[in-house]
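A.B. asks:
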């Protein structure tokens, strides 16, 4: 979807996937006077996604279905609707759009599903309306949320810093896969940040070039997610999820994405990811578990 053909001619219907964003690291390095936190994070995108579509309509509207549709707003507060309005105003579009969201990713789960949906909406509607897409660092895009710029730039792995508005390329990652696990608990972002012991942490160490899998594992194990401890204090189920992942020999590294509650296990390949996911799903039927390639 992000490799759409040149803009110019509107098309009838656009369909696209909005992949899960995973923070393999998340260092909190400061806080601005306006309250925004400064971050340093290695972000990857996983091959598990919400499914979106858009078609021309006289106004902006959205319908939501899927296993995680409950609680997703269908009015102007929906981030997809906000993104659509941002693009419409920025490009002087008078048309509307009928948006559909098939919600397969849990929301408020630390994997940026709402941000990815918004970023994908921006790309879809640029093609649908035949206008130039908005670059990731456009102020209106940044204002949609800290994770939206990196999601606009997906699916390549990136180093995200600042308030999410500084994106840098990283060395090619070795072939590997993820197991995503989310216990049935929502963790509010605000209290997690408030629970930080310090907001002046050190940044990530540089990611070396040409790492093999074992080298990447060693590098990851030396990094942090500073939000993990305060999130675990709010939701002990996160501790349980990480412990479950770490108990399986095939999982090389386990941690938490974003502010939780989704956790990840890094494994060598998709076959291993599927095996690990089956083991966890049988043991924890009420957890969301998804094996996923790193895109």
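In UniProt numbering, the protein residues as written are 1 to 295.
No residue lacks a Cβ here, since even glycine has one placed at the ideal position from N, Cα and C.
Any beta carbon of chain D sitting closer than 7 Å to that of residue 201?
C.D. replies: Going by chain labels, chain D is absent from the structure shown, which holds only one protein chain.
A.B. asks: Who are residue 225's beta bridge partners in DSSP?
C.D. replies: Taking the first residue of the chain shown as position 1, residue 225 is located at position 225. Bridge partners of residue 225: 26.
A.B. asks: Locate the beta strand (DSSP E) running through residue 62, then write down its first and last residues.
C.D. replies: As a first step, residue 62 is located in the chain shown; it is residue number 62 there, counting from the start. Residue 62 -> beta strand (DSSP E) spans 60-65.
A.B. asks: For residue 5, count neighbouring C-beta atoms within 10 Å of its own C-beta (all shown protein chains included) and say buried if the count is 16 or more, exposed if not.
C.D. replies: Here the question's residue 5 lines up with position 5 in the chain shown. Its pLDDT being 45, under 50, residue 5 is placed unreliably by the model, and nothing is read from it.
A.B. asks: Assuming residue 255 is part of the beta strand (DSSP E), what are its boundary residues?
C.D. replies: Translated into the one-based positions of the chain shown, residue 255 becomes position 255. Looking at the DSSP string, the run of the beta strand (DSSP E) that includes residue 255 is 253-256.
A.B. asks: If you follow the beta strand (DSSP E) that residue 160 is in, where does it begin and where does it stop?
C.D. replies: Locating residue 160 in the chain shown gives position 160, counting from the first residue. Residues 158-162.
A.B. asks: Examine the Cβ distances between the segment 137-147 and the segment 169-179 and report whether three or more of them are shorter than 8 Å.
C.D. replies: Segments in contact, no.
A.B. asks: Does the beta-carbon distance from residue 25 to residue 83 come in below 7 Å?
C.D. replies: Stepping through the chain shown from its first residue, residue 25 is reached at position 25. Stepping through the chain shown from its first residue, residue 83 is reached at position 83. Against a cut-off of 7 Å, the Cβ pair of residue 83 and residue 25 comes out as no contact.
A.B. asks: Within the continuous beta strand (DSSP E) that includes residue 267, where are the two ends?
C.D. replies: Counted from its first residue, the chain shown places residue 267 at position 267. It spans 263-267 - the beta strand (DSSP E) in which residue 267 sits, taken as one unbroken run.
A.B. asks: Is the segment 112-119 in contact with the segment 75-94, if contact means three or more CB pairs nearer than 8 Å?
C.D. replies: Contact between the segment 112-119 and the segment 75-94 is present, because at least three Cβ pairs lie under 8 Å.
A.B. asks: Name the DSSP bridge partner or partners of residue 186?
C.D. replies: Here residue 186 refers to the residue found at position 186 when the chain shown is read from its first residue. None, per the DSSP bridge assignment.
A.B. asks: Would residue 202 be called buried (16 or more neighbouring beta carbons within 10 Å of its own) or exposed?
C.D. replies: For the purposes of this step, residue 202 is taken as the residue at position 202 of the chain shown. When all chains shown are included, residue 202 counts as exposed.
A.B. asks: First and last residue of the beta strand (DSSP E) that includes residue 169?
C.D. replies: The residue given as residue 169 occupies position 169 in the chain shown. From DSSP, the beta strand (DSSP E) with residue 169 extends over 166-169.
A.B. asks: How big is the Cα-Cα spacing for residue 256 and residue 237?
C.D. replies: What you label residue 256 is simply residue 256 of the chain shown in a count that begins at 1. What you label residue 237 is simply residue 237 of the chain shown in a count that begins at 1. Between residue 256 and residue 237, the C-alpha separation is close to 12 Å.
A.B. asks: Near residue 207, what residues of its chain come up, given a Cβ to Cβ distance below 8 Å and the 5 sequence neighbours on each side ignored?
C.D. replies: Indexing the chain shown from 1 puts residue 207 at position 207. Within the same chain, residue 207 has close Cβ partners 42, 159, 170, 171 and 219.
A.B. asks: Within a Cβ cutoff of 8 Å, which residues of the same chain sit near residue 19, ignoring the five residues on either side of it in sequence?
C.D. replies: As a working note, residue 19 is residue 19 in the chain shown. Excluding residues within five positions, the ones whose Cβ falls inside 8 Å are 45, 46, 47, 48, 49, 116, 154, 155 and 295.
A.B. asks: Taking DSSP as the reference, what is the three-state secondary structure of residue 45?
C.D. replies: Locating residue 45 in the chain shown gives position 45, counting from the first residue. Here residue 45 sits in strand by DSSP.
A.B. asks: Quick check on this structure: which residue in 36, 268, 194 and 286 has the alpha carbon closest to the alpha carbon of residue 185?
C.D. replies: Taking the chain shown and counting its residues from 1, one reaches residue 185 at position 185. Measuring from the Cα of residue 185, the nearest candidate turns out to be 286.
A.B. asks: Which same chain residues end up closer than 8 Å to residue 227 when comparing Cβ atoms and leaving out the 5 residues on each side of it in sequence?
C.D. replies: Walking along the chain shown from the start, residue 227 turns up at place 227. If we look at residue 227 and ignore the five residues flanking it on each side, its Cβ neighbours are 26, 28, 192, 193, 196, 256, 258, 259 and 260.
A.B. asks: Flag this pair as yes or no: are the beta carbons of residue 125 and residue 97 separated by less than 7 Å?
C.D. replies: Residue 125 sits at position 125 when you count from the first residue of the chain shown. Residue 97 sits at position 97 when you count from the first residue of the chain shown. Yes, these two residues count as a Cβ contact at 7 Å.
A.B. asks: Which first and last residues belong to the beta strand (DSSP E) in which residue 96 is found?
C.D. replies: Start at 1 with the first residue of the chain shown, and residue 96 comes out as number 96. Counting along the chain, the beta strand (DSSP E) containing residue 96 begins and ends at 96-102.
A.B. asks: Apply the 10 Å Cβ neighbour rule to residue 221 and answer buried if 16 or more other Cβ atoms are within range, or exposed otherwise.
C.D. replies: Within the chain shown, the letter at position 221 stands for residue 221. Residue 221 comes out exposed.
A.B. asks: Does residue 14 come out as helix, strand or coil in the three-state DSSP assignment?
C.D. replies: Working through the chain shown from its first residue, we reach residue 14 at position 14. Residue 14: strand per DSSP, three-state reduction.
A.B. asks: Whole-angstrom Cβ separation of residue 296 and residue 136, contact assumed at under 8 Å?
C.D. replies: Since the first and last residues shown for the chain are 1 and 295, residue 296 lies out of range.
A.B. asks: Give the secondary structure of residue 125 by DSSP, where H, G and I count as helix, E and B as strand, and everything else as coil.
C.D. replies: Walking along the chain shown from the start, residue 125 turns up at place 125. Residue state, collapsed to three classes: helix.
A.B. asks: Comparing C-alpha positions only, which one of 248, 262 and 33 sits nearest to residue 289?
C.D. replies: Counted from its first residue, the chain shown places residue 289 at position 289. The shortest Cα separation from residue 289 among 248, 262 and 33 belongs to 262.
A.B. asks: Which class does residue 40 belong to by DSSP, given the choice of helix, strand or coil?
C.D. replies: The residue you call residue 40 lines up with position 40 of the chain shown. Note: residue 40 maps to strand in three-state DSSP.
A.B. asks: So who's on the other strand from residue 51, going by DSSP bridges?
C.D. replies: Within the chain shown, the letter at position 51 stands for residue 51. DSSP output for residue 51 lists 17 and 102 as bridge partner(s).
A.B. asks: So, with DSSP's three-state summary, where would you put residue 280?
C.D. replies: Numbered from 1 along the chain shown, position 280 holds the residue referred to as residue 280. Helix, per DSSP.
A.B. asks: Suppose you measure from the CA of residue 179 to the CA of residue 36; what does that come to, to the nearest Å?
C.D. replies: Counting from 1 along the chain shown, the entry for residue 179 is found at position 179. Counting from 1 along the chain shown, the entry for residue 36 is found at position 36. The straight-line gap from Cα to Cα measures roughly 30 Å.
A.B. asks: Can the beta-carbon of residue 231 be found closer than 7 Å to that of residue 245?
C.D. replies: For this step, residue 231 is matched to residue 231 along the chain shown. For this step, residue 245 is matched to residue 245 along the chain shown. No, the pair does not count as a contact, with Cβ atoms beyond the cut-off.
A.B. asks: Check residue 237 in the structure and name its three-state DSSP category.
C.D. replies: Position 237 of the chain shown holds residue 237. Residue state, collapsed to three classes: helix.
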